[in-house]
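J.: Before I ask anything, let me first share the structure, which is written out below as structure tokens.
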Amino acid sequence: GQNIDQPTEMTATEGAIVQINCTYQTSGFNGLFWYQQHAGEAPTFLSYNVLDGLEEKGRFSSFLSRSKGYSYLLLKELQMKDSASYLCAVKPHNYGQNFVFGPGTRLSVLP
Amino acid sequence: EAQVTQNPRYLITVTGKKLTVTCSQNMNHEYMSWYRQDPGLGLRQIYYSMNVEVTDKGDVPEGYKVSRKEKRNFPLILESPSPNQTSLYFCASSLALGGLSEQFFGPGTRLTVL
Chain L
125 GQNIDQPTEM TATEGAIVQI NCTYQTSGFN GLFWYQQHAG EAPTFLSYNV LDGLEEKGRF
185 SSFLSRSKGY SYLLLKELQM KDSASYLCAV KPHNYGQNFV FGPGTRLSVL P
Chain S
128 EAQVTQNPRY LITVTGKKLT VTCSQNMNHE YMSWYRQDPG LGLRQIYYSM NVEVTDKGDV
188 PEGYKVSRKE KRNFPLILES PSPNQTSLYF CASSLALGGL SEQFFGPGTR LTVL
């Protein structure tokens, strides 16, 4: 089966750094994606990792360890607008377009 | 403007009454997908299409049909909707790029089946 775990909720303060973890157990691995979803809106793409290591994109970074089945999304210099759900998704196969999403982590940024 | 559109955005219907949710993208993307999103379960993939006339099941295809007669359109069909199909539905599209490109999501369709 396919299983992806994320913390349900997190709270952080404006200006701080927060790390959102994602662990996965899937039948295969061909890439891990992070999406942001504001309440009532569609998900929007943040980053993806295929190889182990850190990918940096401005205030957002994503890390992957394939041997541990683990990823995290790091958000720096938090802003109020970062309050949203963060979705971790795995593409298990190198064929097809099947994606497995985690339940999402709802982040609240407080002033 | 590059976008994915879905219609209708909101729909309330009754059990057994066939319905279609349309999805259209103007980015010439090869790949398209349908997802449903339920509280605590996250996004679950219903069907996907890798090109015209090429569709495949996702993780929760039961009770749904799709078709891909044109590259830009990927309608979702519920032949006989049931209350357990009440959910928020998203259509998404992406470039081929070996399957590792970002997905662009439509605004969502909130469906209630009574």
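Protein chains in written order, with my numbering: chain L, 125 to 235; chain S, 128 to 241.
Glycine is no exception: its CB is placed at the ideal position from the N, C-alpha and C atoms.
How is the beta strand (DSSP E) around L:Leu129 delimited, first residue to last?
T.: Leu is not the amino acid found at residue 129 of chain L; the sequence shown has Asp there. Start and end: 127-129.
J.: Report the rounded CA-to-CA distance for S:Val141 versus S:Ile204, giving the unit in angstroms.
T.: One C-alpha to the other measures close to 15 Å.
J.: Does the count of Cβ pairs from the region 149-162 of chain L and the region 195-214 of chain L closer than 8 Å reach three?
T.: With a cut-off of 8 Å, the region 195-214 of chain L and the region 149-162 of chain L count as touching, because enough Cβ pairs lie within range.
J.: Run down chain L in chain order and give the residues with a C-beta less than 7 Å from the C-beta of S:Gln230.
T.: Going along chain L in sequence order, the residues near S:Gln230 (Cβ under 7 Å) are Phe169.
J.: I need the DSSP call for S:Asn211, collapsed to helix, strand or coil.
T.: DSSP places S:Asn211 in helix when its eight states are reduced to three.
J.: Under the DSSP definition of a beta bridge, which residues are partnered with S:Met159?
T.: Answer is S:Ser176, S:Ser220, bridged to S:Met159.
J.: If you compare alpha carbons, which of L:Leu199, L:Met204, L:Gln221, L:Thr132 is closest to S:Leu168?
T.: Answer by Cα proximity: L:Thr132.
J.: Thinking just about the alpha-carbon of each residue, which of L:Met134, L:Gln126, L:Leu197 is nearest to the one in L:Phe169?
T.: Of the listed residues, the one whose Cα sits closest to L:Phe169 is L:Leu197.
J.: Looking at the structure shown, is S:Lys198 part of a helix, part of a strand, or coil, going by DSSP?
T.: Note: S:Lys198 maps to coil in three-state DSSP.
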